[in-house]
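Using the numbering used here, the letters of the sequence shown correspond one by one to residues 4 to 246.
Please read the structure below before turning to the comments.
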Amino acid sequence: FIHGVMNTDNMTLSGETIDYGPCAFIDEYDPNTVFSSIDRMGRYAFANQPQIAQWNLTRLAEALLPLIDPDLDKSIQLAEENLNLFLKLYEDKFLNMMRQKLGLFGAQKGDHKLVSDLLDWMHKNNADYTNTFRHLAEQKETTHEIYKSKIFVEWNKRWRARQEQNKMPVKAALNLMEKTNPAVIPRNHNVEMVLDSAHEGNLDPLHNLLRIIKNPYKGGPHLQNYQSPPSPSQRVYQTFCGT
4 FIHGVMNTDN MTLSGETIDY GPCAFIDEYD PNTVFSSIDR MGRYAFANQP
54 QIAQWNLTRL AEALLPLIDP DLDKSIQLAE ENLNLFLKLY EDKFLNMMRQ
104 KLGLFGAQKG DHKLVSDLLD WMHKNNADYT NTFRHLAEQK ETTHEIYKSK
154 IFVEWNKRWR ARQEQNKMPV KAALNLMEKT NPAVIPRNHN VEMVLDSAHE
204 GNLDPLHNLL RIIKNPYKGG PHLQNYQSPP SPSQRVYQTF CGT
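As structure tokens, this is what we get:
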């Protein structure tokens, strides 16, 4: 999920982020992905979102300084100590999420590199983020040449070797992956198609899309049109606050 503008008024005290306008979903994995027409410098690019969250929290801390401690210097020190914990906490949460997406239980020293190597491969090969993880979760034979490349095959061997270190049955890993890797997301070009149909008075595509994304982890052949990445002409390059 790529925020168009992930500023302070789009982040809740409960830690959730909100975006009602120029947001979109990532197709091909690129950490530098930006959609918003006003984000010309890439401030809210996918890879920058953790740092932006910390920046937003810092603005909140500034507003709370008078309430943290009567001594301003001590108040600043306490705020900084807590804010400095954020990125490490985020990285731990992110790695744990990725372990779940890869069906890995427990923590191993090489997990971070295993994840970063997969993301690097996705980026260099323009691989679809959602479909790649779903491909791993379903563990089916594929006709897609991208998953037959030497680098991916070698990575796959490392991943399976890591899975063998799980102290859980293989089925548990598969169940975990199916629960954490959606088969379908509201892809940008499908959302555009739904909007165009709605403007013409046809709400059937909207109802179909809503029905499908209510059960995003349930796969099936009927999802093929919703799983396909956009063609070059269908790609959404820019979004706007009125989107």
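Backbone N, C-alpha and C define an ideal beta-carbon position, used for all residues, glycine too.
Predicted model only: the values in this text are computed from it and were never measured.
H115 is the residue among F155, L206, H115 whose C-alpha sits nearest the C-alpha of M100.
Burial check for M180: the Cβ neighbour count within 10 Å reaches 16 or more, so the residue is buried.
Sequence-distant partners of A82 (beyond 5 residues in either direction) whose C-beta falls short of 7 Å from its own C-beta, in its chain, are A64, L68, I71.
Counted as a single uninterrupted DSSP element, the alpha helix (DSSP H) harbouring N134 occupies residues 132 to 141. The region 29 to 47 and the region 216 to 224 do not touch, with fewer than 3 CB-CB distances between them shorter than 8 Å.
Around the beta carbon of H6, 16 or more other beta carbons lie within 10 angstroms, which makes this residue buried. Between the region 112 to 129 and the region 196 to 208, the count of C-beta pairs closer than 8 Å stays below three; the two stretches do not touch. Shortest Cα-Cα distance from P232 to any of T183, R190, F136, P73 involves R190. Ranked by how close their Cα comes to the Cα of Y220, the residues D95, M171, K104, G109 have K104 in first place. Distance check between K170 and each of Y23, T15, G106 places G106 closest, using alpha-carbon atoms only. Residue burial annotation: Y23 is exposed, with fewer than 16 other C-beta atoms found within 10 angstroms of its C-beta. When only Cα atoms are considered, E84 and L90 end up about 12 Å apart. Note: A175 is not bridge-paired with any residue in the DSSP secondary-structure output.
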